[in-house]
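The structure appears right after this line, and notes come after that.
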Amino acid sequence: MVELRVNAGNVKNPNVHKIGIIALGSHLENHGPALPIDTDAKIASYIAFHAALESGAKFLGVIYPAHELKEINHGIHVSLDDLANEIINVLKSAKKHLGISSVVIVNGHGGNLPIVTKLYDIEEQTGLLITLNSKIIESEGPHGGSGELSMAKVLGIINEDEVKNQTDLSHYGEVGLFMFSQARKNDPN
Numbered sequence: 044m045v046e047l048r049v050n051a052g053n054v055k056n057p058n059v060h061k062i063g064i065i066a067l068g069s070h071l072e073n074h075g076p077a078l079p080i081d082t083d084a085k086i087a088s089y090i091a092f093h094a095a096l097e098s099g100a101k102f103l104g105v106i107y108p109a110h111e112l113k114e115i116n117h118g119i120h121v122s123l124d125d126l127a128n129e130i131i132n133v134l135k136s137a138k139k140h141l142g143i144s145s146v147v148i149v150n151g152h153g154g155n156l157p158i159v160t161k162l163y164d165i166e167e168q169t170g171l172l173i174t175l176n177s178k179i180i181e182s183e184g185p186h187g188g189s190g191e192l193s194m195a196k197v198l199g200i201i202n203e204d205e206v207k208n209q210t211d212l213s214h215y216g217e218v219g220l221f222m223f224s225q226a227r228k229n230d231p232n
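Numbering-wise (our numbering), the sequence shown opens with residue 44 and increments by one.
Written as structure tokens, this is what we have:
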């Protein structure tokens, strides 16, 4: 068997190789006219990738499906159980092939927050210690609002010509979840 040089490169601690970082966003939902449908996935992926670069942890990519609250219909999403199963499958594969023992999930989509109720089961089935980091959601403010627009601007994924239309809630009711009043009432945040 080949001996890996775990201290090679800019590695502060060789134990970092036991940590995986993976993005979780949403690839298929509307964010108004200025933002692409995969805004959440791109923001989460950017942050996860750069965290892996800076820390030396393994970048595991992005989980494709996303969950959404039943009151919100602005994209294509899966059930919470389906999302949990996908996470389990992806993380089992990463553990098998990369030898990781813990994972940070960088969550960029508010609809994924209920996955926290499944983390114990995911940890049990994967044998991994998992941290769900939803700081993006805590920081960005309303859906499709100024926070997401600002992050998208930094990433270069914003349509500058459409920013002026982003607040036209009669056409883009998903912005700020304006057209989902029941969801806003039920949101504990």
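Ideal placement from N, C-alpha and C gives every residue a C-beta, glycine not left out.
Because the structure is a prediction, the values reported are computed rather than measured.
Residue i, enclosing alpha helix (DSSP H) - first and last residue
i: A84; result: 82-98
i: S182; result: 178-183
i: I62; result: Where I62 is concerned, there is no enclosing alpha helix (DSSP H), although the beta strand (DSSP E) it sits in stretches over 62-67.
Coarse secondary structure for residue i, derived from DSSP in three states
i: K101; result: strand
i: S122; result: coil
i: L220; result: helix
i: N229; result: helix
i: I148; result: strand
i: I143; result: coil
i: E46; result: coil
Pair within 7 Å by beta-carbon distance, residue i and residue j
i: Y107; j: L198; result: no
i: K61; j: I143; result: yes
i: G184; j: D83; result: no
i: A77; j: E191; result: no
i: L171; j: S213; result: no
i: L67; j: N132; result: no
i: E114; j: Q225; result: yes
i: L134; j: T169; result: yes
Expected contact under 8 Å - CB spacing of residue i and residue j to nearest Å
i: V218; j: H186; result: 7 Å
i: I200; j: P57; result: At roughly 35 Å, the Cβ-Cβ gap does not stay under 8 Å, so I200 and P57 are not in contact.
i: N176; j: G118; result: The pair is not a contact, with the Cβ atoms about 22 Å apart (cut-off 8 Å).
Span of the beta strand (DSSP E), counted from its first residue to its last, around residue i
i: I115; result: Where I115 is concerned, there is no enclosing beta strand (DSSP E), given that its DSSP letter is neither H nor E.
Mind pulling the beta strand (DSSP E) runs of 3 or more residues that sit fully within the segment 158-211? 172-176
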